[in-house]
Every structure is written in structure tokens, then in C-alpha cells.
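Numbering (my numbering), first residue to last: 627 to 1024.
All C-beta atoms, glycine included, are put in the ideal place defined by N, C-alpha and C.
Report on the following structure.
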Amino acid sequence: MIHIISMQTPRTHLFSLALLIALPGLAPSRATAEPVTPTAAAPAATGYKLTKVVDGLEHPWAIAWLPDGSALITEREGRIRLLSKAGTLAPNPLKGVPEVLSIGQGGLLDIALHPKFAQNRLVYFTHSTGTAKANNTRLVRAKLSHDAATLTDVQTIFDASPKKSGPLHFGSRLAFMPDGTLLITVGEGFNRRDDAQSTASNLGKVLRLTDDGKPAPGNPFLNDDKAKPEVWSYGHRNPQGLTIDTAGRVWQTEHGPLGGDELNLIEKGKNYGWPKVTFGTEYSGATITDDRTLPGMEDAKVVWTPVLAASGLAFYSGDKFPQWKGDLFAGGLVSKQVRRIDLDDNGKVLGQQTIKLSQRVRDVRNGPDGYLYILTDEDNGQLIRVEPASDAPPAAGK
Ligand SMILES: [Ca+2]
């Protein structure tokens, strides 16, 4: 008997293996190995200091520098502020900003300049619009006057659909790709999580648009009648960090629920899993899924539990921190920190470090001067410059 059993065991195993190869759709859904180990704390980064550039910003969300070294900063309530190169806020916000739905996580959100801004003065920004019961993420394009005080030719060029209810999960980061198309992230609205798995919805997606707000040529679902033609990637929860590295790779961070924030490498047409795959649970602690990876879905490159409450994301390409060049910096709202994610040249995650703040972090960006900048999400929000600790003090009068 023992002899027979020992003969059958390898045969059963071989049969299972053959079944797995022949019928991948019927393969057991539980993966044997978890692809990512969630990280919690990370050691402190060193060799830097934090310098306040300006405060008095009310829940700033995003910053975009103009060619002359001044910058536009959005405030969630619905204002765009002009910051001079010397670090002074213009007393009046820009004129011509459309009315926004300022509710919960919504309001005036990201801002980006057209790649040819120096020639065309075009500015793109996102905001939530509609009512508490029916709202959506909207993309607007406008022309900035030469004194940077007024927006003209203000046009809605894209409205995410369908509309959703409630004040949560608008996503809303923008990034121009090297080919001139525009990526925009859209959250799944919190109460429409199944939309994230449906290419027939704009919710829970990274979308790719032309600079006119139309579906971009080459998008993966253009030939699928049921799909939204803007969809670039899907299976996202609330993506609020987006950046493109110097190799053209697209990096994104998104909020998990209780646990399970993610850093993802975004590629055309791929499914990033939510809500079929997550390391997080419901806020009650109830299980969403036991799956940490599934065939046909992309694993996150980094998972954070407890969450950072991942906000802005920057690929640092400046020269002020040679040891940080080519790394990602992910802001955290709840964690009140920025995570340095050390990458090698191939985009492999090597490790993490923490830059601690005493404020919620909303956005992280490369400055045109080679420093890293942080916007804080507070009633009295700040723009903070991250400088090498060894930098000479600023000249008197600066
Ligand atoms: Ca995921």
C-alpha cells in the first residue's frame, strides 16, 4: 500500500501541474507566495534640512513652476495663488478660475503646464464639480495671462463619468508623458469600488488623453465598444500620486483602505487589482479579499501598512542631492512624512527612508532649482524646500 501511495503522489502532482498549465483560468486563486512584503517604518533619511519658503496657503494641493521661476499653487477651496520667485504670495488669487465643488477630498486639485507652455501659455488643472449627490472629476484647460494674474479661454476638456455621490476619492493627479499625451488619475468614488475593475467606467483608472482632452491614439481599449476609450490602466482605488521618470516609466501611488497603500509602475492596459487584490481591510477590520496577488493583475512595487495615506509623488531628477537622484519621493497625509524610495537604474526598489514632518504632506515636487519641494495640507499650509544639510546659509537679505 505504501508503495502505491508513494507512486501516486508525484502523479497527482504532475496532473495538477498539467491542469494549471492547460487551464490557467481555473488555477487556485490563492498564490503560494506573496509578491510584496508590506513595509511599515523605514529608517530616517539623513543629510537634509527643511526650510519654509512660504506659509499662509489654505490646504494647498499642487504646485507648478513657470519658466520665470515663479509658481502657481492650487488651494483646495478653489483658488490658484501666484508665488513669486523670491517666495512672496500675490495677495489676490488668479482671476478666471471656475467654480469648484469644494467638499471633503474634493475641490481644486492638481495643476500642470502644457509641455510647450512657453509658447502657448496653456495651463491644465483638475477639480471636482457637481453636487454632493452627483459629482465628478473634471479637467480644465486655460490660458495664463502674461502677468500671470488671469486665466482666459477657460474650457472644460474632460469630465470623468459616470458621476458618483459623496465627498471621497476623486484621484486627480496629472502628468504629461514624453509623447505629449496627458495622464489623469481618477478615484473610484469610494462607494463605487467595483467600477475600478470595469473598463466601461472612468472611475478607478489612470486615463490617457490628448492635450485637447480626447482619448489618446494608441490607448488599449479603443477597439472595445463597451470600454471607455480614455482608459490607460485600471483596478485603482484612489490614486493621488503620479510622476514620470527620466526613462519614461510612469509611477503612481494610491490609497489603500485600512492598510495597503501602493506604489505601482503603470503600464498600458494593465489591471492593478483593486478591489480583487489588496493588502488592506475595510475600515471596520472586515476582510475585503484574501488575495494578495492574482493572475492577470499587476503586483504593487511597494505596499505600505500602516498606510502613508499616499499623496503627491515625485521622481527626483535634481542635482542638489546626488545620492537621491533617480529616486522616488512619496508624500503621506496621515503619516506626516515623505518616503524616499531608493530605485536602481532599472526601476527596482532597493529600500526606503523617511523624511519626517510635523504636518500632513499633500504634494512633493522637483523644483526648477534642483531642490525637492513639499506642500503641506493644513489650514495654514506651507511650501517647504528640502536642502542638503551642508548647504551654505542663504545670503543676507534673501
Ligand atoms: Ca493594487
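Check	Outcome
Within 7 Å: the Cβ of VAL928 and any heavy atom of ligand 1?	no
Taking the straight line between their C-alpha atoms, what separation do you get for SER859 and LEU800?	14 Å
Quick one: does the C-beta of TYR898 sit closer than 7 Å to a heavy atom of ligand 1?	yes
State yes or no: is the C-beta of ARG986 within less than 8 Å of the C-beta of LYS962?	yes
What's the C-alpha gap between GLY899 and VAL876?	17 Å
Using 7 Å as the cut-off, classify the Cβ of GLY830 as near or not near the heavy atoms of ligand 1, replying yes or no.	no
Looking at the unbroken alpha helix (DSSP H) that takes in ALA822, where does it start and where does it end?	First-last for ALA822: undefined, no H or E at that position.
Can you tell me whether GLU703 is buried or exposed, with buried defined as 16 or more other CB within 10 angstroms of its CB?	exposed
Using DSSP bridges, identify the partner residues of PHE905.	None; PHE905 has no bridge partner.
Quick one: give me the first and last residue of the beta strand (DSSP E) that GLN1008 is part of.	1007-1014
According to DSSP, is GLN878 part of a helix, a strand, or is it coil?	strand
Which of the three DSSP states, helix, strand or coil, is assigned to ALA667?	coil
In the structure shown, what three-state DSSP assignment does ALA744 receive?	helix
How would you call ILE647, buried or exposed, if buried means at least 16 neighbouring beta carbons within 10 angstroms?	Its pLDDT being 39, under 50, ILE647 is placed unreliably by the model, and the measurement read from it follows with that caveat. ILE647 is exposed by the Cβ-count criterion.
Are the CB atoms of GLU893 and GLU880 nearer to each other than 8 Å?	no
My understanding is that SER696 touches SER710, with C-beta atoms under 8 Å, so please give their C-beta distance in whole angstroms.	5 Å
With a Cβ-Cβ cutoff of 8 Å, do ARG988 and TRP687 count as a contact?	yes
Which whole runs of the beta strand (DSSP E) in the region 760-788 are 3 residues long or more, in chain order?	761-770, 777-785
List the whole-angstrom C-beta distance separating GLY867 from ALA956, where the pair is believed to meet the contact cut-off of C-beta under 8 Å.	6 Å
Could you tell me how far apart the beta carbons of PHE947 and PRO994 are, in whole angstroms, since I believe they sit closer than 8 Å?	Incorrect: roughly 15 Å between the Cβ atoms, too far for contact.
Taking the alpha-carbon positions, what's the GLY844 to GLU908 distance?	36 Å
Can you tell me which of the three DSSP states GLU1004 falls into?	coil
Count the other C-beta atoms from every protein chain shown that fall within 10 angstroms of the C-beta of GLY651, then say buried if there are 16 or more, exposed otherwise.	Summary for GLY651: the model assigns pLDDT 39, below 50, so the residue's position carries little reliability; its value from the coordinates is reported in the next sentence. The residue is exposed, with fewer than 16 neighbouring Cβ atoms inside 10 Å.
Which residue wins for smallest C-alpha separation from PRO664, given the options ARG1011, ASP1003, VAL933, GLU1004?	VAL933
Beta-carbon within less than 7 Å of VAL608's beta-carbon, same chain only, minus the 5 sequence neighbours each way: which residues are those?	The structure shown does not extend to residue 608, since the chain is modelled only from 627 through 1024, so no value can be given for it.
DSSP three-state label for THR869, please.	strand
Please report the straight-line C-alpha distance between GLU814 and ASP821, rounded to a whole angstrom.	6 Å
Taking 8 Å as the cut-off, decide whether the C-beta atoms of GLY861 and ASN897 are in contact.	yes
When the Cα atoms are used, what is the spatial distance from PRO841 to VAL964?	33 Å
For the beta strand (DSSP E) containing TYR674, list its first residue and its last residue.	674-683
Is GLY861 near ligand 1, judged by its Cβ being under 7 Å from some heavy atom?	yes
Between which residues of its own chain and THR836 is the CB-CB distance below 7 Å, once the five residues before and five after are set aside?	THR807, ALA842
What is the DSSP secondary structure of ASP850, counted as helix, strand or coil?	coil
Would you kindly work out how many angstroms separate the C-alpha atoms of SER937 and GLY922, rounded to a whole number?	27 Å
Please report the Cβ distance between LEU777 and LEU720, rounded to the nearest whole angstrom; I am assuming they are in contact, meaning their Cβ atoms lie under 8 Å.	6 Å
Just checking GLU814 against ligand 1 - is the residue's beta carbon closer than 7 Å to any of the ligand's heavy atoms?	no
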